[in-house]
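Per this note's numbering: the sequence shown = residues 303 to 414. Even for Gly, the Cβ is constructed at its ideal location relative to N, Cα and C.
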Amino acid sequence: MTFNDIKWSPSEKKVARSAFDAALQAALAEIMAELKRRASAATTPSDMWEIEDYLQRQRRKIDQMFDYRYSQLILVFASLIREGYLEQNRLAGLSEDKLEMIRSFLAYHARA
């Protein structure tokens, strides 16, 4: 079975969307807090450009990490849990097969 073969029920899609959106908001809130900290500490033009560089790096990170394609969600959720943006309990309502795949990826990365 490949990730493209995984079927998502309507109720699982709702759980997935809710968990994904919550994790995205957590990540964006973290970036926003850091942006405010950096902006308030900025005193030179080079500080301003460093903030721009920071925002560009964070944008790329968000774009790479948050991929809402059903074929990618198992990996995305495992990554978001590992990064601390998502609690596993937010995924209650997904099938046991999907949860087991996520746990397997987490266990693999914990060993690596």
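- Going by beta carbons, residue 387 and residue 328 fall inside the 8 Å limit.
- Each of 345, 374 and 384 was checked against the Cα of residue 315, and the nearest Cα belongs to 374.
- Pairing residue 368 with residue 326 gives a Cβ-Cβ distance under 8 Å.
- Rounded to whole angstroms, the gap between the alpha carbons of residue 346 and residue 333 is 21 Å.
- Between residue 340 and residue 353, the gap from beta carbon to beta carbon is short of 8 Å.
- Cβ contact annotation for residue 379 (same chain, cutoff 6 Å, sequence separation greater than five): 404, in chain order.
- When beta bridges are read from the DSSP output, residue 377 appears opposite no residue.
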